[in-house]
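This note's numbering puts the first residue of the sequence shown at 1089, with every later residue one more than the last.
Glycine is no exception: its CB is placed at the ideal position from the N, C-alpha and C atoms.
Read the structure below first, then the notes.
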Amino acid sequence: MLEIEAKIKVKNLDTIARKLRRIGARFLHTVREQDLYFDSFDGKLLKTNCGLRLRKRKFQRSTLKDHFFLTHKGPKRKSAFKSRREIQVHIDNYDAMKNILFKLGYKKHITVNKLRQIWQLSKCEICLDKVRGLGYFIEVEGPNEIIISKVLYKLGLNKTNHISSGYARILALKKT
């Protein structure tokens, strides 16, 4: 699957949530996510701008069970927005998967913790993220750049600079 998203740093999420309601977006869930990023001991994934992520998603104020995902993110492609191939599988046992990754020789590279509101509008998933250690962001992920651009325009964010790095890379650079 091709992941195409725009990521923008914002001062607060309340303003964006109000705009989303006003333009008819549908609120889906609030989740707490912990993303563990892994790399080989020689750092090959990071050097090739790829990622291996183990995600734990806990739904807030919901009867939904926790979800766990293993995701490989390929190198970025040339695009107006952040774009890369992504392979993701749902897994049942988070701890077992983490142990398998360690047994295969991967090491934990960085952990990203965030509180995320998930919205939907015009075939796009819009995430309002409060990322520990980084602040507030909005991500608009959609099927193509045109639809994403239209959503950004509706939100008044079409002329705002986009961030092409993922949270893990931003956190890693912040630590150095």
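Below 6 Å CB to CB, which residues in the same chain sit around residue i once its five sequence neighbours on both sides are set aside?
i, result
"Asp1217", "Lys1202, Arg1204, Phe1225"
"Ile1214", "Trp1207, Val1228"
"Leu1124", "Leu1142, Lys1196, Thr1199"
"Ala1256", "Tyr1125, Ile1198, Val1200"
What are the start and end residues of the alpha helix (DSSP H) that includes residue i?
i, result
"Asp1183", "1182 to 1191"
"Lys1262", "1255 to 1263"
"Arg1149", "Looking at the DSSP string, Arg1149 is not in any alpha helix (DSSP H), and its letter there is neither H nor E."
Where does the unbroken beta strand (DSSP E) through residue i begin, and where does it stop?
i, result
"Ala1094", "1090 to 1098"
"Asp1102", "Premise fails: Asp1102 lies in the alpha helix (DSSP H), 1102 to 1110, not in any beta strand (DSSP E)."
"Asp1123", "1114 to 1128"
Beta-carbon separation of residue i and residue j under 9 Å?
i, j, result
"Leu1142", "Phe1157", "yes"
"Arg1114", "Leu1209", "yes"
"Gly1254", "Gly1139", "yes"
"Lys1195", "Ser1128", "yes"
"Leu1085", "Asn1249", "The chain is shown from 1089 up to 1264; residue 1085 falls before or after that span and cannot be answered."
"Leu1259", "Glu1174", "no"
"Gln1122", "Val1177", "no"
"Lys1191", "Gly1221", "no"
Quick one: residues in its chain with C-beta nearer than 7 Å to the C-beta of residue i, no 5 flanking neighbours on either side, listed in chain order?
i, result
"Ile1179", "Phe1156, Phe1157, Leu1158, Met1185"
"Pro1163", "Thr1136, Asn1137, Cys1138, Arg1172"
"Ile1104", "Val1098, Leu1216, Ile1226, Leu1243"
"Phe1219", "Note on identity: in this sequence residue 1219 is Val, with Phe being the wrong assignment. Cβ neighbours of Val1219 beyond the five flanking positions: Val1200, Lys1202, Phe1225, Tyr1255."
If you drop the 5 nearest sequence neighbours on each side, which residues of the same chain put their C-beta closer than 8 Å to that of residue i?
i, result
"Lys1211", "Gly1230, Pro1231, Ile1235"
At least three beta-carbon pairs within less than 8 Å, the stretch 1144 to 1157 to the stretch 1112 to 1120: Result yes; three or more Cβ-Cβ pairs closer than 8 Å.
At least 3 beta-carbon pairs within less than 8 Å: the stretch 1091 to 1104 vs the stretch 1234 to 1241: Judged by pairs of C-beta atoms under 8 Å, the stretch 1091 to 1104 touches the stretch 1234 to 1241, as three or more such pairs exist.
Ranges of the beta strand (DSSP E) found wholly within the stretch 1166 to 1252, counting only runs of at least 3: Under the rule that a run must span 3 or more residues, the beta strand (DSSP E) segments found entirely inside the stretch 1166 to 1252 read 1170 to 1179, 1194 to 1209, 1212 to 1219, 1223 to 1229.
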